[in-house]
Amino acid sequence: MIEVVGSGWLTLLQKELLRFWKVSFQTIAAPVLTALLYLLIFSHVLESRVSVFNGQVRYTAFLVPGLVMMSVLQNSFANASSSLIQSKITGNLIFVLLPPLSPLDMYAAYVLGAMVRGLVVGIGVFAVTLLFVPGWFTMAHPAWAITFAVLGSGILATLGVIAGIWSDKFDELAAFQNFLIMPLTFLSGVFYSIHSLPPFWQALSHFNPFFYMIDGFRYGFFGLSDIAPGFSLALVAAAAAVLAGIALLMLSRGWKLRH
Amino acid sequence: MMPDAVDVIGIARRFGSVQALAGIDLRVAQGEFFGLLGPNGAGKTTLISILAGLTRADRGTARILGHDVVGDYRKARRALGVVPQELVFDPFFSVRETLRIQSGYFGLRNNDAWIDELLHHLDLTQKADANMRSLSGGMKRRVLVGQALVHKPPVIVLDEPTAGVDVELRQNLWGFIRKLNREGHTIILTTHYLEEAEALCGRIAMLKSGRIVALDTTQHLLSRFAGLTVRVSAERLPDEWQHRIHRREGSVYYLGLESYMELERLLASFRGAGVSIDDLALAETDLEQVFLRIMAGSETTDETEPPVAIPEA
C-alpha cells in the first residue's frame, strides 16, 4: 500500500471517467449519432439554400465545426451535472464528501472528467463527419481550434458543476439544461451565420457567450470568423475564470453539499 | 499526552425551527468503545455529520485526534471512518471497484491486500466482482463498513451498522469490530439494539432533543438503576405500585423493583388486594431499562440541570 497524500482527486477523476466509459453507448456513441443526423439532414436541406462567409465556405463544411463544438459543449455540461445530481439524489455523494478532498480537488476532478467526455465526443463527431462528408475538411489554424474546444469544454463542465450543485431535483437540472444551455447553444450560430439574422437578433447574439466559442472554434478551421478571434479568446477566457471562481466558491462554502 | 479521539466542545446546530443539537460537550479517549444512544431525532446523526464534515455546526468546535474538523479537515477526515445509516451506493461499480475507489479518495493506492482482507472479514469475497445493485441489503451494509475501514482510520463511527443484518452476520461483524478495537481503533457506535450497546460499549452517552442526558460508563449506568424489572400480568395493579410502572401493555405491567426483597412485598400487595397474578417474570435491569428510565426521567428535568455523572473516562 502506498499513501500519496493529496492524490485523492486523481481517483475522483478516474471514477468520473470510468463512469461515463461504462455506459459509452449512451454517453459517447449516442451523441455522435445525434450530431451525424443533424449534419446529414441540415446539409441535405440547406446546402444549396444557405450561403455562409460570402460563399467562401460550403454550408456543410460550415456546419461541421458548429456541430463538433455543440457536442463538446453539451456533453461536457451533461457529464458534470448528471454525475453530481445523481450522487446527491441517491446519496452516494457522501463517499466523496467524507474523504479529505479539497474544493479544488473536487472542482478539478469533476471538470476535467467532464472535459474529457466532451472532447471525446467532439473528436468522435469530427471523425465520423470525415467519413460521411469527405472533402469538407480544412484546418487553417489548429491551435485556435484546440484552444477554443478546450476552453469551451471547461466552461460548460464548470457550468455543469454549478448546475449539479444548485439543482435539488432532476426537474431543476432539466430546466437549467433546456431553458438555458440548449437555447444558448442552438442560437449561437451552430447552424447559421449570425449575419443572416435580422439586426436585432444579430446584436442579441453578441451577448451569447456560446457564440464566441463557436465562432472562435470555426476560425481554427476556415481562417474566417464573424468576430476577431483574439477578442473571442479574451472573452471566453474571462468567462472561464469567472465561472471557475463561482464554482470554487460554491464548493468551498459547501453550499447545498455540506449543510 | 495523547489527544482524544473525539473532542466536542459546545456544538450546537439548528435546522429551521428545530434545535438539533443544543450545546454538546463530549470527549472520547483513544481506544474506547463508545456508544451514542438516543431516540430518533435526538441529534446522533447530526453530531456524526458534524464530526465527519458533512454538516457545519452553528457554533462550537469538534476535533478528531486533535485536528479541527473544519480548520484542519484533511487530517481530521483522514483519521475518521464513517459507516452511514442509509444504504447508499454507486450503481456503476462492483464491490471491489467501490472499495478501490474509496481507498483512492484517501490517497491510498495498491491497497488490494487490505481490501481482500476486508472482503474476507465482511464475508464479501464471493461478491467482490458483483455490481452493487445486485447485493442484498445486508451485503450493501457490509460494503459500507468496508468503505469506512478501507483507509484504516484510527477513529471509526458506525451509525446503525447492524440494521437489517441477520444474527449470524451481526456476530461476525461485531467480532471484527471488536478485533479492530483491541488493535487500538476507537469505535463510536449508534444503535437501537441496546443489548448490543450493553455488550460492546465501555462508555455511553444518551442524547435527547439535542442534549446529553446521561454520560457514564456502561457499568455505572446499569448499577445506578440496579434492580429488577418485573413483568406481571394481572387484572389490575394495586395502587401503591402504580408509580413503579415503566411500561404498560393492557394488563401486562412492567415494574421497577429495587431488590428481590421488594418482590415479596409486591406479591403481598396482590394477595392483600385479592387480585390474582396470571403471569410473572423477572429480569435484571438491562441497558434498555436504563435507557427508557433516563429518557422518561429527562422529560421533567430542568434544562439548566447538568446531566448525570460525567466522570473522566
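As you go down the protein sequences, you meet chains W and Z in turn.
FYI, this note's numbering numbers position 255 of the first sequence as 255, with every residue one higher than the one before it.
Heads up: take any position in the second sequence, counting from 1, add 259, and you land on this note's numbering.
Ideal Cβ positions, reconstructed from N, Cα and C, are used throughout, including at glycine.
Item	Value
If you follow the alpha helix (DSSP H) that I162/W is in, where does it begin and where does it stop?	P142 to W166
Run the CB neighbour count on T304/Z, radius 10 Å, all protein chains shown included, and call it buried at 16 or more, exposed below.	buried
Along chain W, in chain order, which residues have C-beta atoms closer than 8 angstroms to that of D327/Z?	What D327/Z touches in chain W: nothing, since even the nearest Cβ is about 13 angstroms away.
Just the Cα atoms here: how many angstroms apart are L251/W and G469/Z?	28 angstroms
Take every Cβ of the segment 497 to 504 of chain Z, pair it with every Cβ of the segment 318 to 337 of chain Z, and state whether three or more of those distances are shorter than 8 angstroms.	no
Could you tell me the alpha carbon to alpha carbon distance between H379/Z and F292/Z, rounded to whole angstroms?	23 angstroms
List the residues that DSSP assigns as beta-bridge partners of S492/Z.	V511/Z and D538/Z
Using a Cβ cut-off of 8 angstroms (strictly closer), state whether N257/Z contacts chain W.	Here chain Z comprises residues numbered 260 to 572, so residue 257/Z is not present and cannot be evaluated.
Between which residues of its own chain and A157/W is the CB-CB distance below 6 angstroms, once the five residues before and five after are set aside?	S76, A80, V111, A114 and M115
Measuring CB to CB, does A35/W end up less than 8 angstroms from S87/W?	no
Which of helix, strand or coil does DSSP assign to L339/Z?	strand
Using 8 angstroms for Cβ pairs, my map puts F95/W next to Q406/Z. What's the rounded Cβ distance?	7 angstroms
Considering only residues of the segment 303 to 389 of chain Z, which uninterrupted alpha helix (DSSP H) runs meet the minimum length of 4 residues and lie entirely inside it, listed in chain order?	303 to 311, 332 to 337, 354 to 364 and 371 to 380
In the DSSP output, which residue or residues are listed as bridge partners for L516/Z?	L487/Z
So that I know if they touch, is there some Cβ in chain W lying closer than 8 angstroms to that of F351/Z?	yes
Would you decide whether F274/Z is buried or exposed? Buried here means 16 or more other CB atoms lie within 10 Å of its CB.	exposed
Does G294/Z pass the burial test, meaning 16 or more other C-beta atoms within 10 Å, or should it be called exposed?	buried
Spatial neighbours of D215/W within its chain, please: C-beta separation below 7 angstroms, excluding the five flanking residues on both sides.	G189, S225, D226, I227 and S232
Quick check on V567/Z - is its C-beta less than 8 angstroms from some C-beta in chain W?	Residue confidence for V567/Z is low, a pLDDT of 48 falling below 50, so the modelled location carries little weight; the figure read from the coordinates is stated next. False, the Cβ-Cβ gap to chain W never drops below 8 angstroms.
For D171/W, does the count of other Cβ atoms within 10 angstroms reach 16, so buried, or fall short, so exposed?	exposed
For E508/Z versus V534/Z, is the C-beta distance shorter than 8 angstroms?	no
Excluding sequence positions up to five away, which residues of its chain have a Cβ less than 6 angstroms from the Cβ of V567/Z?	The predicted position of V567/Z is uncertain, since its pLDDT is 48 and thus under 50; a value taken from the coordinates is nonetheless stated next. Around V567/Z: A473.
State the DSSP-derived secondary structure class of E543/Z, mapped to helix, strand or coil.	strand
In or out: T185/W buried (at least 16 other Cβ within 10 Å) or exposed?	buried
Using a threshold of 8 angstroms, state whether the C-beta atoms of A127/W and M69/W are closer than that.	no
Is there a Cβ of chain Z sitting closer than 8 angstroms to that of L100/W, yes or no?	Contrary to the premise, residue 100/W reads as Pro rather than Leu in this sequence. It does; some Cβ of chain Z falls within 8 angstroms.
How many Å lie between R355/Z and L383/Z at the Cα?	9 angstroms
What residues of chain W sit near A532/Z, judged by a beta carbon separation below 8 angstroms?	Ordered by position in chain W, no residue passes the 8 angstroms Cβ test against A532/Z, which lies about 56 angstroms from the chain.
Spell out a yes or no on whether the segment 393 to 406 of chain Z and the segment 438 to 448 of chain Z are touching, meaning 3 or more CB-CB pairs, one atom from each, closer than 8 angstroms.	no
Looking at C-alpha atoms only, which residue of G486/Z, L417/Z and L428/Z is the closest neighbour of E521/Z?	G486/Z
Whose C-beta lies closer than 7 angstroms to the C-beta of G325/Z among residues of the same chain, with five residues either side of it excluded?	P262
Is the CB-CB distance between V5/W and G366/Z below 8 angstroms?	yes
Residues of chain Z with CB under 8 angstroms from M1/W, in chain order?	L367, R368, N369, N370, A372 and W373
Are G312/Z and R258/W close, meaning C-beta to C-beta below 8 angstroms?	yes
Note down the Cα distance separating W144/W from Y59/W, rounded to an integer number of angstroms.	21 angstroms
Which same chain residues, not among the five before or five after P350/Z, have their C-beta less than 8 angstroms away from its C-beta?	N390, M391 and R392
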